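Numbering (our numbering), first residue to last: 25 to 123. Where a beta carbon is used, it is the ideal one built from N, C-alpha and C, also for glycine. Bear in mind the structure is a predicted one, so any value in this text is a computation, not a measurement. Accompanying notes for the structure given below.
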């Protein structure tokens, strides 16, 4: 996982999977990288091949974190598999997806 801050946007990339074994670390490391200046959290899922319920829970937790700060979370370039999971769970209605 790689993080990069440009201006008021934190980008998290290089995520192979969001599963029970990795989602807690992903969530905690992402929260730790958030500075007071960050208003947008971009999560690049272009390399992500697997997401389970724990991974979805981490995305929702980060969405709530950003909403509580008056910011936004965006899912960037999700793979077709991830899009399908977001649509099946209807999270595509809550999370902003940027192709």
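Worksheet item: Among 52, 28, 75, 61, which has the Cα closest to the Cα of residue 103?
Response: For the purposes of this step, residue 103 is taken as residue 79 along the chain shown, with counting starting at 1. The candidate whose alpha carbon is nearest that of residue 103 is 75.
Worksheet item: In three-state terms, what does DSSP make of residue 76?
Response: On the chain shown, residue 76 is found 52 positions in, with the first residue counted as 1. DSSP places residue 76 in coil when its eight states are reduced to three.
Discussion item. Is it buried or exposed, residue 106, if we count other Cβ atoms within 10 angstroms and call 16 or more buried?
Written reply: Locating residue 106 in the chain shown gives position 82, where the first residue counts as 1. So residue 106 ends up on the buried side.
Worksheet item: DSSP beta-bridge partners for residue 121?
Response: On the chain shown, residue 121 is found 97 positions in, with the first residue counted as 1. DSSP lists 99 as partners of residue 121.
Worksheet item: Using the beta-carbon count (16 or more within 10 Å), is residue 47 buried or exposed?
Response: Within the chain shown, the letter at position 23 stands for residue 47. Buried, because 16 or more other Cβ atoms sit within 10 Å of the Cβ of residue 47.
Item to complete: In angstroms with no decimal places, state the Cα-to-Cα distance between residue 54 and residue 36.
Response: The sequence position of residue 54 within the chain shown is 30, counting from 1. The sequence position of residue 36 within the chain shown is 12, counting from 1. Near 7 Å, if we compare the C-alpha coordinates of residue 36 and residue 54.
Worksheet item: Start and end of the beta strand (DSSP E) containing residue 29?
Response: Within the chain shown, numbered from 1, the residue matching residue 29 stands at position 5. From DSSP, the beta strand (DSSP E) with residue 29 extends over 26-30.
Worksheet item: For the candidate residues 45, 69, 44, whose alpha-carbon lies nearest to that of residue 99?
Response: Walking along the chain shown from the start, residue 99 turns up at place 75. When only C-alpha atoms are compared, the closest one is 69.
Worksheet item: Taking DSSP as the reference, what is the three-state secondary structure of residue 34?
Response: Residue numbering aside, residue 34 sits at position 10 when the chain shown is read from its first letter. Look at residue 34 here: in three-state DSSP terms it is strand.
Worksheet item: Given residue 95, which residues of its chain have a CB within under 8 Å of its CB, disregarding the five upstream and five downstream residues?
Response: Walking along the chain shown from the start, residue 95 turns up at place 71. Result list for residue 95: 62, 63, 64, 65, in chain order.
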